[in-house]
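One structure is given below, encoded as C-alpha cells.
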Amino acid sequence: MANPALSNIERDFIVSALSEARPERIDGRRPYDHRSVAIAFPSAWGVAVAQIGRTRVLSRVSCEMVIPSPDRPTEGSIRFYVDCPKDKLLSSTIASTIEKCVRNSGAIDVETLCIISGVRSWALRVDVFVLDQCGNAIDAVCLAVLASLRHFRRPAVTVIGTDLTVHPEYERPPVALQLHHLPICTSFAVIGDRIVADPSDKEHRVAGSHLTIATNTRKHVCLMMKSGGTPITQEQVTDCISIACQRSEFLTGLINAEIDANLTARRERLEKGDAMAKTFSPEVRLPMPSRVATNPVDDDDESEQSDDSQPETAVTGCDHDMMNVDVENVVVPEIVDDVVRLAPDPARTIGSETEEKRTTTTSDTPIVSSLSQAIRDPESVARLATRNQKRKTKR
C-alpha cells in the first residue's frame, strides 16, 4: 500500500522553506546535502545491507549453473528482483532502473560467467528487499546491490575436457566477480524552482520531477533518467552531474573500505579457528615400559620357586639385570567381558604352531580386575604372569 498523500499545509511548508533566501529543508539539511550512509556485511557471501538515513535495503546474490542461451552461448546471465512491500509499482520501477544501471552499463563482465561455451554458465540472481522506505529508495537499492556483487564469491570450478568439478569452499577459495566499475546512483528532486539531493519521503511526494544519475569514479555518466513534468535547465543538469561524480567517488571508497575490513575479519577468524583447533587437538601418548628384568621375585609364592626353574622374562619396574624392551613382544592386556585378560602376542611364533593352537584358553588366563591398574602398574602384570606360569608347572 502506498503512503498517504500529504496535506496542502505540509506541501506549502516544504516549498516555502526552500524558497527562502537561505533555503532549508524540513530535516535541517541544505539543498545538496546527503543523509548519513552505512554499509554492513553479514556472515554469508554476497549479502549486504545498505542504509541511507532511515531507508534500509538488503541485497542477496546467489548463483546456479545453467545451460546458456543459444543466442549468447559464451555469456552468463544476471537477474534483479526487488521487493518493496509498500509500493509494488515502485518495486518494478527500481528493478528496471537497477538493471539498466548495472547490466546495460557493462559494470559486470558476463563473459566471465561462462564455464564451457554452449554447455554451462553461471546465472546470477540478485534479490533485493526494501526493509524501510523513508525516501530515495533507488540510491539505497543501487548501493546495496553493488556492495553485494562486489562482496559475492562464486564456487571455484575445474574444467578438464568436458568434465566439470565444482569445489567447495574448504577445498578451494571461492572466486570474486569481475566488476569493471561501480555505477553509483544519485537521485535529485525538483521542488518549485529548487533541486534537492537525496530527497526524503515527503520531498518525493511534493516534487514535480525526479532525476537519477549513475556515475562511476572515471566520471562516466552510465545512466540518466528523469520522471515528472517539471522542466530542468541545462545548468541544473550540469550541477547535478558534478554532485553525482563526487558522490560516486565517496561511496565507491566506502564500499571498498567496508569489504576490505570484512575480508580481514574473515581471515582473522579463520586463522584463530585453525589455532584453536591445533590447541585443543593434542597427541595422546600412552606410557610404555622401557626395561625388562629376568627372574622377577614374587612376594606371595617365593617359597614355591625352585632353583632349577628357567628364567622368565616379564615387564617390571625392578632396577637389576636391565635391558632394552622389545616393543613387539610386550604382553598387552585384552578386554573380554568387561574384564582385562593378558592376551598372547599373535605376531610371535613358536616352531610350527599356528595362532589358534598358541592362544591360551579363558580358564588358564588370569583376570585383572582393573584396566587402569594393569596399565599403570607393570610390576603387577609381571607378578601375575609369573604366578600363572608356576601354576602350569605344578599341574
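Read in the numbering used here, the sequence shown has 205 at position 204, and its numbers run on one by one without any break.
Backbone N, C-alpha and C fix where the C-beta goes; we use that ideal spot for every residue, glycine too.
Where residue i falls, given that 16 or more other Cβ within 10 Å makes a residue buried
i      : result
THR213 : buried
GLY54  : buried
PHE251 : exposed
SER93  : exposed
LEU271 : exposed
VAL58  : buried
LYS203 : buried
ALA138 : buried
ASP140 : buried
GLY29  : exposed
ILE10  : exposed
THR216 : buried
SER60  : buried
VAL160 : exposed
THR56  : buried
SER243 : exposed
SER97  : exposed
ALA383 : buried
ARG23  : exposed
ALA245 : buried
THR387 : buried
SER249 : buried
GLU305 : Note that GLU305 scores a pLDDT of 45, beneath 50, so its modelled location is shaky; the value from the coordinates is reported in the next line. Classification of GLU305: exposed, given that the 10 Å Cβ count is below 16.
ALA122 : Note on identity: in this sequence residue 122 is Ser, with Ala being the wrong assignment. SER122 is buried by the Cβ-count criterion.
LEU385 : buried
ARG401 : Any question about residue 401 goes unanswered here, given that the chain covers just 2 to 396.
ARG26  : buried
ARG392 : exposed
GLU31  : A small fix is needed here, since residue 31 is Arg in this sequence, not Glu. With fewer than 16 Cβ atoms within 10 Å of its Cβ, ARG31 is classed as exposed.
Residue range of the unbroken beta strand (DSSP E) whose run includes residue i
i      : result
ALA188 : The question names Ala, yet the displayed sequence has Ser at residue 188. Looking at the DSSP string, the run of the beta strand (DSSP E) that includes SER188 is 185-192.
ARG121 : 121-133
THR216 : 210-216
ILE161 : 157-161
ASP199 : Careful: ASP199 lies outside any beta strand (DSSP E) and carries neither H nor E.
LEU180 : Careful: LEU180 lies outside any beta strand (DSSP E) and carries neither H nor E.
GLY230 : Premise fails: GLY230 is in no beta strand (DSSP E) and is neither H nor E.
HIS168 : 164-168
ILE116 : 115-117
Short Cβ contact (7 angstroms threshold) for residue i with residue j
i      : j      : result
ARG173 : CYS64  : no
GLN134 : LYS87  : yes
VAL142 : VAL129 : yes
THR218 : THR166 : no
VAL62  : PHE153 : yes
ARG12  : VAL191 : no
SER201 : GLY136 : yes
GLY229 : HIS205 : no
ILE40  : ARG151 : no
SER118 : THR163 : no
CYS85  : VAL131 : yes
VAL176 : ALA157 : yes
GLY209 : THR239 : no
Element boundaries [alpha helix (DSSP H), containing residue i]
i      : result
LYS203 : 202-207
ALA148 : 138-152
Interface flag, residue i vs chain C, CB-CB below 7 angstroms
i      : result
ILE192 : Of the protein chains in the structure, only one exists, and it is not chain C.
Meets three-Cβ-pair contact criterion under 8 angstroms: the stretch 107-115 and the stretch 70-80: Result yes; three or more Cβ-Cβ pairs closer than 8 angstroms.
With a cut-off of 8 angstroms, do at least 3 Cβ pairs link the stretch 220-237 to the stretch 176-186? Cβ pair count under 8 angstroms is three or more, so yes.
Could you check whether the stretch 65-73 touches the stretch 184-202, counting it as contact only if at least three pairs of C-beta atoms, one from each stretch, sit closer than 8 angstroms? With a cut-off of 8 angstroms, the stretch 184-202 and the stretch 65-73 do not count as touching, because too few Cβ pairs lie within range.
So does the stretch 136-148 actually touch the stretch 45-54, counting three or more Cβ pairs closer than 8 angstroms? Yes, they touch.
My parser needs the alpha helix (DSSP H) runs of 4 or more residues fully inside the stretch 18-104; what are they? Segments of the alpha helix (DSSP H) lying fully in the stretch 18-104: 89-103.
At least 3 beta-carbon pairs within less than 8 angstroms: the stretch 189-199 vs the stretch 252-269: When Cβ pairs closer than 8 angstroms are counted between the two stretches, the stretch 189-199 is seen not to touch the stretch 252-269, the count staying below three.
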